[in-house]
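*Asks:* Once you've had a glance at the structure underneath, I'll fire off some questions.
Laid out in structure tokens, this is it:
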């Protein structure tokens, strides 16, 4: 069997528009062209009205089909070429064209999320078998070329990802190296500033610097605008305070 589209008896959503839906026969799509069916887990939105989000881990089902040599081209979703089970009439008229060999195969989403709302479900079955020559000969010839093309694309994607990862790792290493150098430089500057404290007169000592006379009441180191400094606080008899850099006592 190919991809089979089976209609449910009419639902709340479709009863008014299609009252005879329960009598609609199943439809077969891509007969003799379903090559592979795969299942995998992915996050999907199960919201039935799409006006809210209901993301769930979902087992997704996809069927690989041959679109033929002339059809509507598939779209790309991540690394997968994706085609619709059925294209709209205006889309077929507007977009149908001759397809290159690497455009002739695509995946059909057969996951059946909200199938009760849609009024149908789809079920894919592999019905193309090269061992028993089931399927069109041109399909098998182009499939070999398509798989080689996809393998080359995957190798290119892996190489690009590895190159990006290497560039990111190098950038992070460079940032870490610069940060370590900055930290070491600041630590050395702080140590140098603390060493200058030994040159500042003891607290309570009367000093004269640049014509200003007062007593040392504070000594210490501080970082200002990223630079470490050793300073002394000097207060005169009037209560005026000046901050004197420790280097003034090293000359």
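Numbering (this note's numbering), first residue to last: -1 to 249. Beta carbons are placed, not taken as given, at the ideal position from N, Cα and C, and that holds for glycine.
Could you tell me if residue 120 is buried or exposed, where buried requires 16 or more neighbouring beta carbons within 10 angstroms of its beta carbon?
*Replies:* So residue 120 ends up on the buried side.
*Asks:* Where does residue 27 fall in DSSP's three states?
*Replies:* Strand, per DSSP.
*Asks:* Extract the residue ranges of the alpha helix (DSSP H) inside the segment 66 to 102, only unbroken runs of 4 or more that lie entirely within it.
*Replies:* Runs found: 87 to 93.
*Asks:* If you draw a straight line from the alpha carbon of residue 184 to that of residue 206, how long is it in whole angstroms?
*Replies:* Looking at the two C-alpha atoms, the distance is approximately 31 angstroms.
*Asks:* For residue 107, count neighbouring Cβ atoms within 10 angstroms of its own Cβ and tell me buried if that reaches 16, exposed if not.
*Replies:* Result: buried.
*Asks:* My output table needs one value for residue 220: the three-state DSSP class, helix, strand or coil.
*Replies:* Three-state DSSP puts residue 220 in a strand.
*Asks:* Using the Cα positions of residue 45 and residue 24, report the straight-line distance between them to the nearest angstrom.
*Replies:* When rounded, the distance between both Cα atoms is 26 angstroms.
*Asks:* According to DSSP, residue 4 sits in a beta bridge with which residue or residues?
*Replies:* According to DSSP, which records beta bridges pairwise, residue 4 is partnered with 119.
*Asks:* Tell me which same chain residues have a C-beta within less than 7 angstroms of the C-beta of residue 144, skipping the five on either side of it?
*Replies:* Hits under 7 angstroms: 99, 100, 102, 103.
*Asks:* Kindly indicate the opening and closing residues of the beta strand (DSSP E) around residue 39.
*Replies:* Note, residue 39: beta strand (DSSP E), 32 to 43.
*Asks:* On the DSSP bridge list, what partners appear for residue 214?
*Replies:* Its beta-bridge partners are 232.
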